[in-house]
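These notes are about the structure you will find just below.
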Amino acid sequence: MRKALCLAEKGRYGVGANPMVGAILVKGGRIVGQGYHQKFGGKHAETLAIEDAGKKAKGADLYVTLEPCATHGKTPPCTEAIIEAGIRKVFCAVHDPTKKNGGKAKKILKKCKIPVCYGLLKDEAVYLNEPFFLFHHKKTQRPFVTLKLAQSLDGKIATYKGESRWITSSRSRQMAHNLRAESEAVAVGAQTCETDNPRLTVRGVKAGKTTRFRVVFVGKKVLPKNLKIFENVKNYRTLVLATSNINQWRKRFRNVKHVEVIHLTARTRKGQIRHALKELAKKGITKLMVEGGGDLAWSFLQAECLDRIVFFVAKKIIGGKDAADSVGGKGVSKIKSAIRIVNESVYDLGDDLLIVGKLR
Numbered sequence: 007m008r009k010a011l012c013l014a015e016k017g018r019y020g021v022g023a024n025p026m027v028g029a030i031l032v033k034g035g036r037i038v039g040q041g042y043h044q045k046f047g048g049k050h051a052e053t054l055a056i057e058d059a060g061k062k063a064k065g066a067d068l069y070v071t072l073e074p075c076a077t078h079g080k081t082p083p084c085t086e087a088i089i090e091a092g093i094r095k096v097f098c099a100v101h102d103p104t105k106k107n108g109g110k111a112k113k114i115l116k117k118c119k120i121p122v123c124y125g126l127l128k129d130e131a132v133y134l135n136e137p138f139f140l141f142h143h144k145k146t147q148r149p150f151v152t153l154k155l156a157q158s159l160d161g162k163i164a165t166y167k168g169e170s171r172w173i174t175s176s177r178s179r180q181m182a183h184n185l186r187a188e189s190e191a192v193a194v195g196a197q198t199c200e201t202d203n204p205r206l207t208v209r210g211v212k213a214g215k216t217t218r219f220r221v222v223f224v225g226k227k228v229l230p231k232n233l234k235i236f237e238n239v240k241n242y243r244t245l246v247l248a249t250s251n252i253n254q255w256r257k258r259f260r261n262v263k264h265v266e267v268i269h270l271t272a273r274t275r276k277g278q279i280r281h282a283l284k285e286l287a288k289k290g291i292t293k294l295m296v297e298g299g300g301d302l303a304w305s306f307l308q309a310e311c312l313d314r315i316v317f318f319v320a321k322k323i324i325g326g327k328d329a330a331d332s333v334g335g336k337g338v339s340k341i342k343s344a345i346r347i348v349n350e351s352v353y354d355l356g357d358d359l360l361i362v363g364k365l366r
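So for the sequence shown, our numbering puts the first residue at 7; every next one is plus one.
Written as structure tokens, this is what we have:
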């Protein structure tokens, strides 16, 4: 099962909203077939492992990191392939959390006298696909949100003159693109969009050809139409999340198919963030990366809608009371109210430090 989990990792940048899944076929104490879900809409791990094993699949045991699918979707049910191949027994790390497939595989396979066992390395399997499980949780059903920031040692994201390229190293920037590649949507605030004029596209990574979303929280602001985020890029759509000037925004992009304007009706910033996540969930987005600026970062922190922080910290000091901070907003009034980070890991990247953690 641990081997299957390692295989599943290989699909990180290609599966889109689908979970990463790995499968191993074992017969006579030896691996006879293996496979992993490689790309959105492609063959599932179980099918690929069976194809890899060929005739040796008959009488083999299947180890798979997620309960096999039992319904028709973009591909035929994996349960059919398992039955046809003559698999002897199935070991699943964890149940499928979706209403469509959850618990069905065991019932189908049991009729064909194929035992199914659950729970082997369950925690590791859930951690691997945490966004997928969060999205399909009945009480949550929202994207898994990562806050990614690149800053100096003293917390600055630009000089007092607004220069921000480049604070961190090329190695850190490529790792940031890797993070984009595993997310279906990347979000920035209006100020970042106007100042930095980012494309918010994935570069330097072989990512799956799924639809990706570029999200900009504009609030009451009306941005220029010629920004890069509004350009028509293949496989990308842009979502404008506005609290006012809705008619002006919609008129501007009335006949532009790749740009959609969404009205955030909540009065508070906290409510607007939560409303935005509900709208993104409706579009099937399971993983969202927030890239700044400082006010948007604070809004997500205040709304308690962040699941992971990824800070690239350059070993530099920029200084300046007028230089932009990585996290803005009003902040906390008391030290005991400071937002705590847990389960953190710190990596030395040479020129930078990488800090990854979760919010308590």
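Quick reminder that beta carbons are idealized off the backbone N, C-alpha and C, glycines included.
For clarity, every value in this text was computed on a predicted model and none was experimentally measured.
Residue-chain proximity (residue i, chain B), Cβ-Cβ < 7 Å
i	result
residue 97	The structure shown contains no chain B; it holds only a single protein chain.
Under the three-state DSSP convention, the category residue i falls into
i	result
residue 178	helix
residue 328	coil
residue 166	coil
residue 97	strand
residue 23	coil
residue 312	coil
residue 362	strand
residue 199	helix
residue 31	strand
residue 320	strand
Residue environment, residue i, which counts as buried when at least 16 other CB atoms sit within 10 Å
i	result
residue 315	buried
residue 323	exposed
residue 50	buried
residue 284	exposed
residue 366	exposed
residue 341	exposed
residue 54	buried
residue 147	exposed
residue 180	exposed
residue 186	buried
residue 272	exposed
residue 87	buried
residue 107	buried
residue 152	buried
residue 125	exposed
residue 199	buried
residue 337	exposed
residue 135	buried
residue 52	buried
residue 358	buried
Host beta strand (DSSP E) of residue i (start-end)
i	result
residue 268	265 to 269
residue 242	242 to 248
residue 347	347 to 354
residue 153	150 to 157
residue 12	Per DSSP, residue 12 belongs to no beta strand (DSSP E); it is in the alpha helix (DSSP H), 8 to 15.
residue 193	191 to 195
residue 296	293 to 296
Nearest neighbour of residue i, chosen from the options [CA to CA]
i	options	result
residue 41	176, 30, 35	30
residue 328	290, 301, 255, 165	165
residue 308	158, 339, 357	339
residue 245	48, 221, 251	221
residue 22	293, 132, 358	293
residue 68	287, 28, 217, 149	28
residue 175	156, 184, 190	156
residue 111	260, 84, 9	84
residue 204	232, 290, 266	232
residue 188	291, 337, 109, 319	291
residue 1	197, 241, 202	There is no way to answer for residue 1, as the model of the chain reaches only from 7 to 366.
residue 19	177, 216, 282	216
residue 66	318, 305, 37, 77	37
residue 349	12, 133, 299, 212	133
First through last residue of the alpha helix (DSSP H) which encompasses residue i
i	result
residue 388	Given a span of 7 to 366 for the chain in the structure shown, any question on residue 388 remains unanswerable.
residue 300	300 to 308
residue 273	Note, residue 273: premise wrong, no alpha helix (DSSP H); not H, not E.
residue 257	252 to 258
residue 140	136 to 141
Near the ligand FMN: residue i beta-carbon under 6 Å from a heavy atom
i	result
residue 111	With respect to the ligand FMN, the structure shown offers nothing to examine, as it has no ligands at all.
Any beta strand (DSSP E) of 3 or more consecutive residues that is wholly inside the stretch 33 to 83
Runs found: 36 to 42, 67 to 70.
Can you give, in chain order, each stretch of the alpha helix (DSSP H) that sits fully within the stretch 97 to 132 and has at least 4 residues?
The DSSP assignment places 110 to 117 as complete runs of the alpha helix (DSSP H) inside the stretch 97 to 132, in order along the chain (cut-off: 4 residues).
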